[in-house]
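Q:
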Amino acid sequence: MSLNLVADSNNPHSLKAADFLFAAVVHMVVIALIVILTWWQSTSKPVPLNRIEVMMISGAELAKLQKQVKPVAKPKKRLKAKPALKFDPKPVKKEPAKAVEEDFDPFAPMESQSDITTSKKAARNDMADIMGKQLSEKELDAYIAMMQQKVQRHWKVPASVDSSISDPLVEMVLSRNGTVVSATIVESSGNAALDSTLLKAIHTAAPFNIPQQQFEAFRVNQIRFRPL
Amino acid sequence: MRLLLLLLFMTLSTSLSAVEFDVYQSEYRPLNIALIVDSDAKQQSEKRQLYSVVKNDLRSSQSFKILDPLSFIADTASTMVKIDYADWRIIGADLIATCQLTDMDQKWQAEVKVYDPFRSKQLASMRFTRDANEFRVLSHQVSDFIYQTVIGVHGHFNTQILYVKKRGDKADLIYMDQDGANRQTVGKNFTLLLSPDWAPNGRFVALNTYVGNRPRLETFDMKTGKRSAFGSFKGLNSTPEYSPDGRYIAAALSYTGNAEIHIYDIQSRKWRQFTNHPGIDTTPTWSPDGKWLAFTSNRNGSPQIYRKKLSGGKAERISLEASYNTSPVWAPHGDRIAFITLKNWEYALATVHIDGSGLRYLATGQRVESPSWSPNGQMLLYSAGNRGIRRIYRIPAWGGKAEPITPANIDASDPAWSR
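In the order they appear, the protein sequences are chains A and B.
Per the numbering used here, the very first residue in the first sequence carries number 1; after that it's consecutive.
Per the numbering used here, the very first residue in the second sequence carries number 1001; after that it's consecutive.
#1: Determine which residues share a DSSP beta bridge with B/PRO1415 and list them.
#2: What is the C-beta distance between B/LYS1223 and B/ARG1203, in whole angstroms, given that I count them as a contact (C-beta under 8 Å)?
#3: Pick helix, strand or coil for B/ILE1410, following the three-state DSSP scheme.
#4: How many Å lie between B/PRO1328 and B/PHE1339 at the Cα?
#5: For B/ASN1208, which beta-bridge partners are listed by DSSP?
#6: Relative to the C-alpha of B/GLY1231, which residue among B/ARG1048, B/ARG1269 and B/ASN1325 is closest?
#7: So what's B/VAL1368 in DSSP terms, helix, strand or just coil?
#8: Distance check for B/ASP1281 and B/PHE1295, CA to CA, integer angstroms please.
#9: By the three-class DSSP mapping on this structure, what secondary structure does B/GLU1321 have?
#10: Please report whether the beta-carbon of A/VAL180 lies at a distance below 8 Å from any beta-carbon of chain B.
#11: With 8 Å as the threshold, decide whether the Cβ of A/SER189 is near any Cβ in chain B.
#12: In the DSSP assignment, the beta strand (DSSP E) including B/GLU1020 goes from what residue to what residue?
#13: Threshold first: 3 residues or longer. Then list the beta strand (DSSP E) segments lying entirely within the segment 145-193 of chain A, N to C.
#14: Could you check which residue in B/TYR1306, B/GLU1321 and B/SER1323 has the C-alpha nearest to that of B/ALA1315?
#15: Within a Cβ cutoff of 7 Å, which residues of the same chain sit near B/ARG1367, ignoring the five residues on either side of it in sequence?
#16: Listing by chain order, which chain A residues have their CB less than 7 Å from the CB of B/HIS1333?
#17: Quick one: give me the first and last residue of the alpha helix (DSSP H) that B/LYS1226 is part of.
#18: Quick one: give me the first and last residue of the alpha helix (DSSP H) that B/ASN1056 is part of.
#19: B/THR1159 and B/SER1418 - do their beta-carbons sit closer together than 8 Å?
#20: Which term fits A/PHE225, buried or exposed, when burial requires 16 or more other beta carbons within 10 angstroms of its beta carbon?
#21: Looking at the unbroken alpha helix (DSSP H) that takes in B/THR1076, where does it start and where does it end?
#22: Strictly under 8 Å for the Cβ-Cβ distance: is B/VAL1023 near chain A by that measure?
#23: Mind checking if B/ALA1132 is an interface residue toward chain A, Cβ cutoff 8 Å exclusive?
#24: By Cβ distance below 8 Å, which residues in the same chain neighbour B/LYS1047 in space, the five residues on each side in sequence not counted?
#25: At the level of alpha carbons, what is the spacing between A/GLN148 and B/VAL1023?
#26: Please list the terminal residues of the continuous beta strand (DSSP E) segment that includes B/TRP1292.
#27: Can you check whether the C-beta of B/ALA1397 is within less than 8 Å of a C-beta belonging to chain A?
#28: Tell me, which residues are paired with B/PRO1396 by DSSP?
#29: If you check the beta carbons only, do B/LYS1107 and B/ALA1124 fall under 8 Å apart?
#30: Should the segment 1358-1365 of chain B be called in touch with the segment 1140-1148 of chain B, which here means at least 3 C-beta pairs below 8 Å?
#31: Between A/ALA81 and A/GLN134, what straight-line distance do the alpha-carbon atoms span, to the nearest angstrom?
#32: So, with DSSP's three-state summary, where would you put B/MET1104?
#33: By the 10 Å Cβ neighbour count, where 16 or more other Cβ atoms means buried, how is A/THR197 classified, buried or exposed?
#34: Enumerate in chain order the residues of its own chain whose CB-to-CB distance from B/ASP1221 is below 7 Å, with the five nearest sequence positions on each side excluded.
#35: Using a Cβ cut-off of 8 Å (strictly closer), state whether A/ILE223 contacts chain B.
#36: Are the beta-carbon atoms of B/ILE1393 and B/PRO1375 separated by less than 8 Å?
Encoded structure:
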């Protein structure tokens, strides 16, 4: 009597064969579910989209790109072209964004320092290569706009001197590498202190980024300052 | 900041020979200045004092930003001997000012030099000597010199300010240096005290006070404290202002039955009537050349600013905007007039050219009143109310930030800058 421990029908807590069967079935169902789900998951993985990277490049870069793309056959050259493509748009396109400048922080690297970096020089040379002799009017304007913004950014007028001043004109002569050879007041504002802010702005903004192949056009520059 | 009306250029034209372009000023910007004061080791406290006075002067003009000495690369000793401009360009110093302070036995000497690191040159140098008891004057002279070298106008740092402090129904006349130092009560217990004006010689002050409930005009001797009445007519006697040569005082009197501008000759002690109009004319102010008077008049219905030649002629209207324009004060350079106007239903301090053009709002607020120019025309004072207590504010005449120069717990008004 006492041997029949498992199937004691009088004890409601004892286990029957049907119970084992039920447990086995439940396990089977769960495992099957997991297997099915896993399989379904793996098949319904989204098809990866083709990624399109959009980059802003200048007209010159585009020209370069087109030039570079045509002789596809040479893998060597393409390798060289790639880094140039990635780096060059920065100096050209970023410059204007700096026009809005935050308050001066004495510990930060200075705005008054040279803005020319080696990568920028590289850009210049590349451009020269690409465009050959002549830059388009748009290109020239871009260079002028850069100069204009640089001078504007560095022009500090610390006080209003008097209201009888006129708009002064400054002639700035540049060297081939963009440094200032001379800056002279052609037409004075009528106020010496204001005049000196102009020269200061030019000297602080220098050196300038100018196109090598058309250096002659940028050698002599006339800047009309418009004080408030 | 009212900056960046960056009217971005566009007169870009490229000719073969020269590039031409325009550069627009969008705002006024302070110059970064590295200020270095050096002295013998024995005079450390004087050195510090001079540094702090000059630093505060230049900063308060809002034309300079004093660079933190912690950012300096070059040390003081070597800089006093020879400037390495590159060291200063790197930290962004637009200017370097050095001052060697020397104890000369009962006297102090300050040798100031100003340099431009971007053009790698010395702009100016000067030596000042003062008695030991005038150390602050010496310090302000250093500030003035740096200011003049860079800005091109005289500094206003060795000047004084008067204002009225009201307590209950009494008023005191307070004197202080423009930087708030040396503050003292020079005249006590006035029954009301309005619109003090400093004579060009700095000794006398013309003011409007009351005896009982009757207004009268008095001069106040800053040296002796003596008060003497010079205008106590029936009715209104108000808003006195000295002529630039100090000989006349213009004021508004109403004994004729109507407020008109009259002129008092200090030498002959005689009054003469200047305006004659059924409208109310008040708050006269002299042009710096002494040939014109500007004043407030409601002759066309609302209070407006007019000017009229001393030799006679028709009054010309200056203020063209707003229905309320009062309290004109002619700038020392003569090109502008500061006045109180309304802007969006708020009182405002503004300046305008003599022909009514170039209106420039400087500050708005409650009870913005009584403008006063610094003698160099670079700064303006005015009083403004804050919960019943007025404070005096200082603001650059070209804009910038208004800074209170009187304590928050006293009622201060009617500022007058020495000339």
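In this text, a Cβ means the ideal position worked out from N, Cα and C, and glycines have one as well.
In this text, all values refer to a predicted model and were calculated from it rather than measured experimentally.
A: In this structure, then:
#1: Answer is none; B/PRO1415 lacks a bridge partner.
#2: Sure, about 6 Å apart at Cβ, within 8 Å.
#3: In the structure shown, B/ILE1410 sits in coil (DSSP, three-state: anything other than H, G, I, E or B).
#4: Using only the alpha carbons, I get a separation of about 4 Å.
#5: As a beta-bridge residue in DSSP terms, B/ASN1208 pairs with B/LEU1194 and B/LEU1217.
#6: The shortest C-alpha separation from B/GLY1231 is found at B/ARG1269.
#7: In the structure shown, B/VAL1368 sits in coil (DSSP, three-state: anything other than H, G, I, E or B).
#8: Each residue's Cα considered, the two are about 7 Å apart.
#9: DSSP places B/GLU1321 outside both helix and strand once states are collapsed to three, so it counts as coil.
#10: It does not: the Cβ of A/VAL180 has no partner Cβ on chain B nearer than 8 Å.
#11: Not closer than 8 Å to any Cβ of chain B, the Cβ of A/SER189 fails to qualify, so no.
#12: The continuous beta strand (DSSP E) containing B/GLU1020 extends over residues 1018-1024.
#13: Entirely contained in the segment 145-193 of chain A, the beta strand (DSSP E) runs reaching 3 residues are, in chain order, 169-174 and 180-187.
#14: Measuring from the Cα of B/ALA1315, the nearest candidate turns out to be B/TYR1306.
#15: Only TYR1347, ALA1384, GLY1385 and ARG1390 meet the Cβ criterion.
#16: The answer, in chain order, is ASP162.
#17: According to the DSSP assignment, B/LYS1226 belongs to no alpha helix (DSSP H), since it is labelled neither H nor E.
#18: Element bounds for B/ASN1056: 1044-1060.
#19: In contact: B/SER1418 and B/THR1159 (Cβ atoms closer than 8 Å).
#20: That one is buried.
#21: Boundaries of the alpha helix (DSSP H) around B/THR1076: 1076-1081.
#22: Between B/VAL1023 and chain A, the shortest Cβ-Cβ separation is below 8 Å.
#23: Answer no: the Cβ-Cβ gap between B/ALA1132 and chain A never drops below 8 Å.
#24: Beyond the five residues adjoining it in sequence on each side, B/LYS1047 comes within less than 8 Å, by CB distance, of VAL1037, ASP1038, SER1039 and LEU1101 in the same chain, given in chain order.
#25: Looking at the two C-alpha atoms, the distance is approximately 6 Å.
#26: Note, B/TRP1292: beta strand (DSSP E), 1292-1297.
#27: Chain A contact via Cβ: present.
#28: Looking at the DSSP assignment, B/PRO1396 forms a beta bridge with B/MET1379.
#29: No.
#30: Inter-segment contact for the segment 1358-1365 of chain B and the segment 1140-1148 of chain B is absent: fewer than three beta-carbon pairs are separated by less than 8 Å.
#31: Note that A/ALA81 scores 35 on pLDDT, short of 50, meaning its location in the model is unreliable and no value can be drawn from it.
#32: Secondary structure of B/MET1104 (DSSP, three-state): coil.
#33: Burial of A/THR197 is indicated by the presence of at least 16 other C-beta atoms within 10 angstroms of its C-beta.
#34: Annotation for B/ASP1221: ARG1203 and PHE1204 place their beta carbon closer than 7 Å to its own, counting only its chain and skipping 5 residues before and after.
#35: For A/ILE223, the nearest beta carbon of chain B is closer than 8 Å to its own beta carbon.
#36: Rather than Ile, the amino acid found at residue 1393 of chain B in this sequence is Tyr. Between B/TYR1393 and B/PRO1375, the CB-CB gap reaches or exceeds 8 Å.
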